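A.B. asks:
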């Protein structure tokens, strides 16, 4: 599932019209083309980490200086709290050689510790890579 940001990037992430997507880790280094593609696919602006209602998907921007592996595990668990069953989580991190790069194995270990599974990867623009996270159903 490789590709780059641009037309269709939002749907490549699995997001569709009418969905609410929550965003964690927003900063001035995020890829605005990726954000715009997701907003175009859903027809709505991304909601921030303070959003307190159910959402359909999550984007997490994660850099090496955002914390340790345990911090990412905690963030994944927090992100799951608002996520509707069947919702998708994407962890986006800078590509190799870019400031803030996080090894995919470190992300995958945090994902496993959180009780989730990393399922696929995508090039999310010029400077970011994404890892898709499968979340177990809570049986609501």
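In the numbering used here, the protein residues as written are 33 to 172.
A virtual CB, placed ideally from N, CA and C, is assigned to each residue, including glycine.
Please read these numbers as outputs of a predicted model, since none were measured by experiment.
#1: My parser needs the beta strand (DSSP E) runs of 3 or more residues fully inside the stretch 87 to 158; what are they?
#2: Based on the DSSP output, what are the partners of residue 166 in its beta bridges?
#3: Below 8 Å between beta carbons: does that hold for residue 75 and residue 46?
#4: Note down the Cα distance separating residue 55 from residue 150, rounded to an integer number of angstroms.
#5: Check whether the Cβ atoms of residue 66 and residue 129 sit closer than 8 Å, and answer yes or no.
#6: Once you ignore the five residues that flank residue 94 on each side, which residues in its own chain have a CB closer than 8 Å to its CB?
#7: With distances taken Cα to Cα, identify the nearest neighbour of residue 141 among 80, 100 and 115.
C.D. replies: Per the coordinate set shown:
#1: 87 to 93, 115 to 126 and 149 to 155
#2: In the chain shown, counting from the first residue as 1, residue 166 sits at position 134. Residue 166 pairs with 149.
#3: As a working note, residue 75 is residue 43 in the chain shown. As a working note, residue 46 is residue 14 in the chain shown. Going by C-beta atoms, residue 75 is not nearer than 8 Å to residue 46.
#4: Translated into the one-based positions of the chain shown, residue 55 becomes position 23. Translated into the one-based positions of the chain shown, residue 150 becomes position 118. Each residue's alpha carbon lies about 18 Å from the other.
#5: Reading the chain shown from its first residue, position 34 is the one you call residue 66. Reading the chain shown from its first residue, position 97 is the one you call residue 129. Not a contact, by the Cβ cut-off of 8 Å.
#6: As a position in the chain shown, residue 94 is number 62, starting the count at 1. Here the set comprises 57, 104, 107, 123, 124, 125, 134 and 139.
#7: Counted from its first residue, the chain shown places residue 141 at position 109. Per the Cα distances, 100.
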